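In terms of the numbering used here, the sequence shown opens at residue 111 and continues consecutively. Positions of the beta carbon are idealized from the N, C-alpha and C atoms, including for glycine. This one's a predicted model, so the numbers in the text were calculated from it and none came from an experiment.
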Amino acid sequence: MASMSDTGFRIDLYSDTKSRPSPQMLDAMARARCGDEQQGEDPTVAELNAKVATLLGKEAALFLPSGTMANLVSILVHCERGDEILAERSSHVLHFETGGASALAGAVLTAIDGDRGMFSAEDLARHLRPRRWNSPRSRMIWIEQTTNLGGGAVWPLGTLQSLWALAQSEGLILHIDGARLLNAAVAAGVDPKAYGSLCDTLWLDFTKGLGAPFGAVLAGSNDFIGRARRFKHMLGGAMRQAGVMAGACLYALDHNLSRLAVDHANAGLLHQGLSTLPWLRPLAEPQTNIIVAKLDTGLVQAGRLSGCLAEKGIRVSVFGADMIRMVTHLDISQSDIEETIDAFQGIRF
Ligand SMILES: *Cc1c(COP(=O)(O)O)cnc(C)c1O
Numbered sequence: 111m112a113s114m115s116d117t118g119f120r121i122d123l124y125s126d127t128k129s130r131p132s133p134q135m136l137d138a139m140a141r142a143r144c145g146d147e148q149q150g151e152d153p154t155v156a157e158l159n160a161k162v163a164t165l166l167g168k169e170a171a172l173f174l175p176s177g178t179m180a181n182l183v184s185i186l187v188h189c190e191r192g193d194e195i196l197a198e199r200s201s202h203v204l205h206f207e208t209g210g211a212s213a214l215a216g217a218v219l220t221a222i223d224g225d226r227g228m229f230s231a232e233d234l235a236r237h238l239r240p241r242r243w244n245s246p247r248s249r250m251i252w253i254e255q256t257t258n259l260g261g262g263a264v265w266p267l268g269t270l271q272s273l274w275a276l277a278q279s280e281g282l283i284l285h286i287d288g289a290r291l292l293n294a295a296v297a298a299g300v301d302p303k304a305y306g307s308l309c310d311t312l313w314l315d316f317t318k319g320l321g322a323p324f325g326a327v328l329a330g331s332n333d334f335i336g337r338a339r340r341f342k343h344m345l346g347g348a349m350r351q352a353g354v355m356a357g358a359c360l361y362a363l364d365h366n367l368s369r370l371a372v373d374h375a376n377a378g379l380l381h382q383g384l385s386t387l388p389w390l391r392p393l394a395e396p397q398t399n400i401i402v403a404k405l406d407t408g409l410v411q412a413g414r415l416s417g418c419l420a421e422k423g424i425r426v427s428v429f430g431a432d433m434i435r436m437v438t439h440l441d442i443s444q445s446d447i448e449e450t451i452d453a454f455q456g457i458r459f
């Protein structure tokens with residue numbers, strides 16, 4: 111909360127990954143019971159897995175070091191080489207996971223043009239390939255809940271229901287990249303189980319709004335999780351006394367979930383404060399904790415803007431010359447938002 115982080119930024123809106131573990135979280139980690147996670151002997155990891163499986167309404171769950179590994183492990187289980195994943199063009203798996211889906215699972219990634227990171231069942235149906243011997247096999251429908259570069263938009267339940275029905279009728283897998291699934295649940299007032307009931311596999315990230323330093327939990331059927339565990343090990347993701355990590359995640363679930371609504375309110379406040387600037391246009395009013403905005407590059411380029419903000423100790427992320435992203439999180443207070451709005455409004459080009 112406006113305390114100087116080691117990066118020198120006082121107000122770090124670059125990502126919700128920038129929050130640091132609180133003294134209470136560190137204390138919970140120090141007190142966590144531990145065992146050999148690789149062998150399935152860590153009681154705190156077991157507790158976390160059971161808790162997330164229940165939260166998402168799935169049979170089983172698997173603790174992993176990161177969300178990136180949760181996605182890759184899922185792809186390795188679901189796809190054979192040459193199988194196709196259909197994802198929205200702005201999705202994380204396409205841009206920020208080093209092409210692991212292709213490099214390590216041999217999957218074909220097809221980008222669907224959507225709106226704020228989302229597409230409809232009709233859009234998806236148009237991309238399905240005929241079942242021909244010489245076509246890639248369309249295999250996975252990829253949903254990012256909430257959308258990241260789409261500006262934190264929440265996929266409506268109705269859209270997910272239509273996509274789930276399509277997946278069932280076409281024999282496709284529906285996977286939810288749930289890096290910010292709980293932001294969606296809180297914003298939409300939806301029980302996370304409802305999302306779990308409309309997909310084969312999904313996961314939660316603990317390093318985003320929940321504010322832990324690591325960890326993701328992937329959930330699905332017993333059969334899926336059994337196979338996922340083998341790939342986790344293959345990728346070097348099995349750990350030893352991971353109870354210290356799971357302890358942070360359990361603490362986050364118990365204490366930081368209610369905080370997400372505050373982050374959403376802060377994003378709303380920021381959006382409102384920036385709405386009068388003639389050179390900046392947010393994609394949409396934020397539904398959760400992310401604001402993605404386009405710049406009028408005739409007036410200012412994103413690099414220049416972020417430089418001006420950095421001089422005031424504020425960090426935003428830059429995507430190309432004309433787009434910036436700001437993400438609220440538990441180390442951003444309402445007064446940080448007010449200061450950020452003042453900083454934007456005080457900029458003269
Ligand atoms: C952050 C993120 C990931 C990857 O999660 P890590 O825990 O950072 O590996 C995947 N998908 C989305 C949408 C994300 O925002």
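Query	Result
With 16 as the cutoff for other CB atoms within 10 Å, does Met355 come out buried or exposed?	buried
Verify whether the separation of the beta carbon atoms of Ile424 and Ala453 is less than 8 angstroms.	yes
Name the one or two DSSP bridge partners that Ser248 has.	Glu194
Applying the criterion that 16 or more other CB atoms from any shown protein chain within 10 Å of the CB defines a buried residue, is Arg236 buried or exposed?	exposed
I want to check one thing, is the minimum distance from the CB of Thr317 to the heavy atoms of ligand 1 below 7 angstroms?	yes
Can you list, in chain order, the residues of its chain whose CB lies under 7 angstroms from that of Asp473, leaving out five sequence neighbours each side?	Residue 473 lies beyond the stretch modelled for the chain, which goes from 111 to 459, so this question has no answer here.
Please go through the same chain and pick out, in chain order, the residues whose beta-carbon is closer than 8 angstroms to the beta-carbon of Lys303, but skip the five residues on each side of it.	Leu165, Leu166 and Gly167
Please report the straight-line C-alpha distance between Ala348 and Thr311, rounded to a whole angstrom.	20 angstroms
Kindly list the residues whose CB is nearer than 6 angstroms to the CB of Thr178, restricted to its own chain and excluding five residues on each side of it in sequence; keep chain order.	Glu207
Can you check the segment 208-232 for any alpha helix (DSSP H) of at least 4 residues that lies completely inside it and give the ranges in chain order?	210-215
Near Ser176, which residues of its chain fall below 6 angstroms by C-beta distance, leaving aside the five closest residues on each side in sequence?	Ala326
Taking three-plus beta-carbon pairs below 8 angstroms as touching, is the segment 246-256 in contact with the segment 280-292?	yes
Considering only residues of the segment 369-415, which uninterrupted alpha helix (DSSP H) runs meet the minimum length of 4 residues and lie entirely inside it, listed in chain order?	370-384
Return helix, strand or coil for Ala138, following the three-state DSSP convention.	helix
Tell me where the alpha helix (DSSP H) around Thr339 begins and ends.	Looking at the sequence provided, one finds Arg at residue 339 rather than Thr. Asn332 to Met344 is the span of the alpha helix (DSSP H), which, as asked, contains Arg339.
Taking just the CA atoms, how far does Arg191 sit from Met111?	With a pLDDT of 46 at Met111, under the threshold of 50, the predicted position of this residue should be treated as unreliable, though the coordinate-derived value follows. Distance between the alpha carbons of Met111 and Arg191: 46 angstroms.
Under the assumption that Asn181 contacts Asp287 (Cβ atoms under 8 angstroms), give the Cβ distance between them as a whole number of angstroms.	6 angstroms
Taking all protein chains shown into account, do 16 or more other C-beta atoms lie within 10 angstroms of the C-beta of Pro133, making it buried, or fewer, making it exposed?	exposed
Ignore the nearest five residues each way along the sequence and tell me which others in Ala394's own chain have a CB closer than 8 angstroms to its CB.	Arg226, Gly261 and Ala263
Which residue wins for smallest C-alpha separation from Gln148, given the options Pro396, Gly321, Gln382 and His343?	His343
Which class does Val426 belong to by DSSP, given the choice of helix, strand or coil?	coil
Under 7 angstroms: does the beta carbon of Thr154 sit that close to some heavy atom of ligand 1?	no
Counting only runs of 3+ residues fully inside the segment 152-183, write out the beta strand (DSSP E) ranges in chain order.	170-174
Taking only the alpha-carbon atoms, compute the straight-line gap between Thr438 and Leu360 and give it to the nearest angstrom.	21 angstroms
Excluding sequence positions up to five away, which residues of its chain have a Cβ less than 7 angstroms from the Cβ of Val410?	Trp389 and Phe459
So for Ile457, helix, strand or coil by DSSP?	coil
Can you determine whether any heavy atom of ligand 1 sits closer than 7 angstroms to the C-beta of Thr178, and answer yes or no?	yes
Helix, strand or coil, according to DSSP, for Ala187 in the structure here?	Sequence inspection shows Val at residue 187; the Ala mentioned does not correspond to that position. Residue state, collapsed to three classes: helix.
State the Cα-Cα distance for the pair Ile457 and Ile451, rounded to the nearest angstrom.	10 angstroms
Where does the unbroken beta strand (DSSP E) through Asp364 begin, and where does it stop?	Note, Asp364: premise wrong, no beta strand (DSSP E); alpha helix (DSSP H) at Gly353 to His365.
Say the cut is 7 angstroms; is the CB of Ala375 nearer than that to a heavy atom of ligand 1?	no
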